[in-house]
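There are 2 protein chains.
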Amino acid sequence: MPNEARPSSGEQAKQLALTRLRQAIMHGEMAPAQRLVENELAERFGVTRASIRAALIELEAQGLVERIRNRGSRVRVVSVEEAVAITECRMALEGLCAAKAAVAVSDEQLAELTGLGTAMQKAVADGEPVTYSELNHALHARIREFSGQRTAVELLERLNAQLVRHRFQLALRPGRPQQSLKEHLAMIEAIRARDPQAAEAAVRAHLTSVIDALRD
Amino acid sequence: MPNEARPSSGEQAKQLALTRLRQAIMHGEMAPAQRLVENELAERFGVTRASIRAALIELEAQGLVERIRNRGSRVRVVSVEEAVAITECRMALEGLCAAKAAVAVSDEQLAELTGLGTAMQKAVADGEPVTYSELNHALHARIREFSGQRTAVELLERLNAQLVRHRFQLALRPGRPQQSLKEHLAMIEAIRARDPQAAEAAVRAHLTSVIDALRD
DNA sequence: GCCAACAGAATCGTTGACAATCTTGCTTCG
DNA sequence: CGAAGCAAGATTGTCAACGATTCTGTTGGC
Chain A
0 MPNEARPSSG EQAKQLALTR LRQAIMHGEM APAQRLVENE LAERFGVTRA
50 SIRAALIELE AQGLVERIRN RGSRVRVVSV EEAVAITECR MALEGLCAAK
100 AAVAVSDEQL AELTGLGTAM QKAVADGEPV TYSELNHALH ARIREFSGQR
150 TAVELLERLN AQLVRHRFQL ALRPGRPQQS LKEHLAMIEA IRARDPQAAE
200 AAVRAHLTSV IDALRD
Chain B
0 MPNEARPSSG EQAKQLALTR LRQAIMHGEM APAQRLVENE LAERFGVTRA
50 SIRAALIELE AQGLVERIRN RGSRVRVVSV EEAVAITECR MALEGLCAAK
100 AAVAVSDEQL AELTGLGTAM QKAVADGEPV TYSELNHALH ARIREFSGQR
150 TAVELLERLN AQLVRHRFQL ALRPGRPQQS LKEHLAMIEA IRARDPQAAE
200 AAVRAHLTSV IDALRD
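Quick note, the sequences are listed as chains A and B, same order. The first sequence begins at 0 in numbering that gives the first Met the number 0 and counts up by one. The second sequence begins at 0 in numbering that gives the first Met the number 0 and counts up by one.
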């Protein structure tokens, strides 16, 4: 499970609706462009419309849902061009994070990155694209985290949430993990060398490759 | 209330509450960390609490308001460190926009940028920091716009909204406009030369200087 | 046969009231 | 005199009902 969002017991109605709706969208349980009728969701989740409404407003602000006045909400679909534009933003922000992380990273954190790297190699060797995709996600998340750039991390998480569908399709493409693996290992290597410029360059190279792949 | 920017007549209650609250915060009518009691706001704006609540949820997602469960909302205060972190993100994203703009810009748009540049020179010469600050804001906004990067523009507008207070304080500091002017003219020059790398470098140099100034 | 007006259904927006929670100030006991 | 406990007040969270808007399918006229 790449993301947090555990509906802990003492949760409030709105929070529960928010986390469950978010998970449903991110796990692909809701088809893209599917209508999200407030009454249905309220009944499904056992909360009132007000809570669903609050959750939808928040999801709209996060770019996961599209709302039109008096017409309703639907799961937002991101076109390929939009996915490219989002990835370009990721390139700028993750580049920043990688550079910062290369300077700030601790030895234990370096060990964790190295471990992720070998796990990714194993996943590719074993031909397990789903595992690889999860490790991929985890690696990016860890690097962001290690940078200590709270603002950038927040923005990146918003952006990534919008890409779930595309990310998945990408990981399942034959040959893609092999290509991607090399770039990821280069990122790890640059951070291990504590070289901020090299780390930023490696991340940018990787995401440039992602953009090319997105465009088919 | 000197609030223009009409919440156009046919506007819905929630939209009205949102625009007015947003303006009030951005114009500094609400002291930082001021409590935002839903009932008070509802009465002040002549709408119901539900509309205020919806507006507050949206403003929280935009980073302008802080909400704590069962405790209420307040205007979010951004510390200096946070302002620096935000500006670092701006550096990454505006750098991207400037590079794209340098390639995509049209001749009329170039003329507009040049015009802004001369207006800024005049404002500095006449010693009008407020006018300069507005032109500054306009220049950055135009460059973003000309890049055509919708996603990046959206993120940047969110980030900028959080900086209003700091931006103001910066513009009024003696000597700052003179320093800033040179950097802005360099940005314009690089875009006129349609040189993406130079444009990105100029923006980054400018925002690095802003960070130094923020830190005092 | 085609288009415009119209009624009905579906859905969202708004309202006022009630419940849950937190804060604050007072009281009481050690 | 100080601290724990309690009660009142303030504020947010939740709810169910009402009103407004948009969509859809049908009917009537041309």
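For every residue, glycine included, the Cβ atom is placed at its ideal position computed from N, Cα and C. Here the structure is a predicted model, which is why all the values come from computation and not from measurement.
Interface annotation, Arg66 (chain B): not in contact with chain A, CB-CB separation never under 8 Å. Proximity of Gln148 (chain B) to chain A, defined by a Cβ-Cβ separation below 8 Å, is satisfied. The alpha carbon of Arg175 (chain B) has as its nearest neighbour, out of B:Glu156, B:Ala201, B:Asp215, the alpha carbon of B:Asp215.
DSSP places Glu127 (chain A) outside both helix and strand once states are collapsed to three, so it counts as coil. Below the 8 Å Cβ cutoff, chain B contributes no neighbours of Ile142 (chain A), its closest Cβ being approximately 15 Å away. In the structure shown, Ser72 (chain B) adopts extended strand secondary structure according to DSSP, grouped into three states. Within chain A, no residue has its beta carbon less than 8 Å from that of Glu37 (chain B); the closest one is some 13 Å off. Contact of Gly94 (chain A) with chain B is assigned, a C-beta pair being separated by under 8 Å. Scanning A:Leu109, A:Thr86, A:Leu55 for the CA closest to the CA of Arg73 (chain A) turns up A:Leu55. Here the C-alpha atom of Val209 (chain A) lies approximately 48 Å from the C-alpha atom of Ala41 (chain B). DSSP places Arg66 (chain B) inside the beta strand (DSSP E), whose first and last residues are 64-67. Shortest Cα-Cα distance from Pro173 (chain B) to any of B:Ser132, B:Glu65, B:Ala23, B:Ala100 involves B:Ser132. Taking 8 Å as the cut-off, the Cβ atoms of Ala170 (chain A) and Met25 (chain A) do not count as close.
Interface with chain B (8 Å Cβ-Cβ cutoff): Leu154 (chain A) is included. Note that the C-beta distance between Gly147 (chain A) and Lys99 (chain A) is below 8 Å. Taken through DSSP and simplified to helix, strand or coil, Leu35 (chain A) comes out as strand.
Sequence-distant Cβ neighbours of Leu180 (chain A) in its own chain, meaning closer than 7 Å and more than five residues away, are Met119, Gln120, Val123. Between Glu59 (chain B) and Leu17 (chain B), the beta carbon gap of about 12 Å keeps them out of contact (Cβ cut-off 8 Å). Within chain A, no C-beta atom comes less than 9 Å from the C-beta of Ala103 (chain B); the nearest is roughly 13 Å away. Remark: C-beta atoms of Met90 (chain B) and Leu206 (chain B) approach each other more closely than 8 Å.
No Cβ-Cβ contact shorter than 8 Å links Ser50 (chain A) with Ala23 (chain A). Closest in C-alpha terms to Glu156 (chain B), from the list B:Ala200, B:Glu93, B:Ala201, comes B:Glu93. Taking CB atoms only, Ala84 (chain B) has a neighbour in chain A less than 8 Å away. Along the stretch 78-135 of chain B, the alpha helix (DSSP H) occurs as fully enclosed runs of 4 or more residues at 79-103, 106-124, listed in sequence order.
For Glu65 (chain A), the closest of A:Cys88, A:Gln33, A:Cys96, A:Asn38 by C-alpha to C-alpha distance is A:Gln33.
Close to Glu87 (chain A), with beta-carbon spacing below 9 Å, are these residues of chain B in chain order: Leu95, Lys99, Gln148, Thr150, Ala151. For Ile56 (chain B), the closest Cβ of chain A is nearer than 8 Å. By the criterion of a C-beta distance shorter than 6 Å, Met29 (chain B) is surrounded in its chain by Ala23, Val74, once the five residues flanking it on both sides are discounted.
The beta carbon of Gln61 (chain B) sits closer than 8 Å to some beta carbon of chain A.
Non-local beta-carbon contacts of Thr86 (chain A) in its own chain, meaning distances under 8 Å to residues more than five positions away in sequence, involve Leu162, Leu206, Val209, Ile210, Leu213 in chain order. Ranked by Cα distance from Asp125 (chain A), the first of A:Gln177, A:Ala140, A:Arg48, A:Ala103 is A:Gln177. The three-state secondary structure of Gln196 (chain B), taken from DSSP, is helix.
Residues of chain B with a Cβ closer than 9 Å to the Cβ of Glu81 (chain A) are, in chain order, Arg149, Thr150. DSSP places His26 (chain A) outside any alpha helix (DSSP H), giving it a letter other than H or E. Collapsing the DSSP output to three states places Thr18 (chain B) in a helix. Less than 8 Å separates the beta-carbon of Ala97 (chain A) from that of Ile142 (chain A).
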